[in-house]
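> Protein sequence lines correspond, in order, to chains U and Z.
If you read the first sequence in this note's numbering, its first letter stands for residue 24, the second for the next number, and so on.
If you read the second sequence in this note's numbering, its first letter stands for residue 253, the second for the next number, and so on.
All residues carry an ideal CB built from backbone N, CA and C; glycine is no exception.
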Amino acid sequence: QKEVEQDPGPLSVPEGAIVSLNCTYSNSAFQYFMWYRQYSRKGPELLMYTYSSGNKEDGRFTAQVDKSSKYISLFIRDSQPSDSATYLCAMSGGAQKLVFGQGTRLTINP
Amino acid sequence: DTGVSQDPRHKITKRGQNVTFRCDPISEHNRLYWYRQTLGQGPEFLTYFQNEAQLEKSRLLSDRFSAERPKGSFSTLEIQRTEQGDSAMYLCASSPPGTGGYGYTFGSGTRLTVV
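1) Please list the partners that Ser346 (chain Z) has in chain U, where partner means a Cβ-to-Cβ separation under 9 Å.
2) Counting only C-beta atoms, is Gln119 (chain U) closer than 8 Å to chain Z at any point?
3) At the 8 Å Cβ level, is Gly337 (chain Z) part of the contact set with chain U, yes or no?
4) Check the Cβ of Gly82 (chain U) against every Cβ in chain Z and list those closer than 9 Å, keeping chain order.
5) Taking only beta carbons into account, state which residues of the segment 346–367 of chain Z come closer than 9 Å to chain U, listed in chain order.
6) Pull up the distance between the alpha-carbon of Glu304 (chain Z) and that of Cys275 (chain Z), whole angstroms please.
7) Would you kindly report the start and end of the unbroken beta strand (DSSP E) that includes Leu111 (chain U)?
8) Of all Cβ atoms in chain Z, is any one closer than 8 Å to the Cβ of Pro11 (chain U)?
9) Going by C-alpha distance, which of U:Asn45, U:Val42, U:Asn50 and U:Cys46 is nearest Ser115 (chain U)?
10) Ordered along the chain, which non-local residues of its own chain (more than five positions away) have a Cβ less than 8 Å from that of Val36 (chain U)?
11) Identify the contact partners of Leu111 (chain U) in chain Z, using a Cβ-Cβ distance below 7 Å as the criterion.
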């Protein structure tokens, strides 16, 4: 079993929809939870990070962490075609190494 | 500073050849990381440097792989006797001191194709 599980999709939604992306994990030592966006043939870019449990909002994006359930989510409101990309969750226990999920490929249809 | 730079962007090599990739981190970042990403998968950790010291290596980093970061600036990743299973995107990232796992900036990667 992988340390971090993420539904690979693909996920296709109409423009303006609310998108929900999720990851589960098994390592209770994880303290930092990140969401990265990766466009084709590019490196991942950090969207949001959360320390420990709780919610964090940044514009149209909301990240949620539930450590008791070992479950994290990313919500995208008013989705735009430019949001089409692969979304990767990543986690670390405070050390430097990140453990990534498989990535979810998202397409927003105009 | 324009971010993390990786060279080359794409490398095609024959099985059994040696290849070397270069990464130039953001200048004020003291930590440098190498990850490998295969198609449809998330990046997997290979190794990490703090300044010039290599502090952690993954079991994925077989004896054919070696990484260096002389003088704590740029880094190179060499793969000897390449195999078809080495075909992947090799990503470099750097981070400043005190940012833990959230301060990464990734480069655009080097895509290796072994034929």
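Per the coordinate set shown:
1) In chain order: nothing, as chain U lies at least about 11 Å away.
2) yes
3) no
4) Correct list: empty, because the minimum Cβ distance to chain Z is about 18 Å.
5) Ser347, Gly352, Gly353, Tyr354, Gly355, Tyr356, Thr357, Phe358, Gly359, Ser360, Gly361 and Arg363
6) 14 Å
7) Ala108 to Ser115
8) The requested residue 11 (chain U) is not part of the displayed model; chain U covers only 24 to 133.
9) U:Asn50
10) Val42, Ser102, Leu129, Thr130, Ile131 and Asn132
11) Gly294
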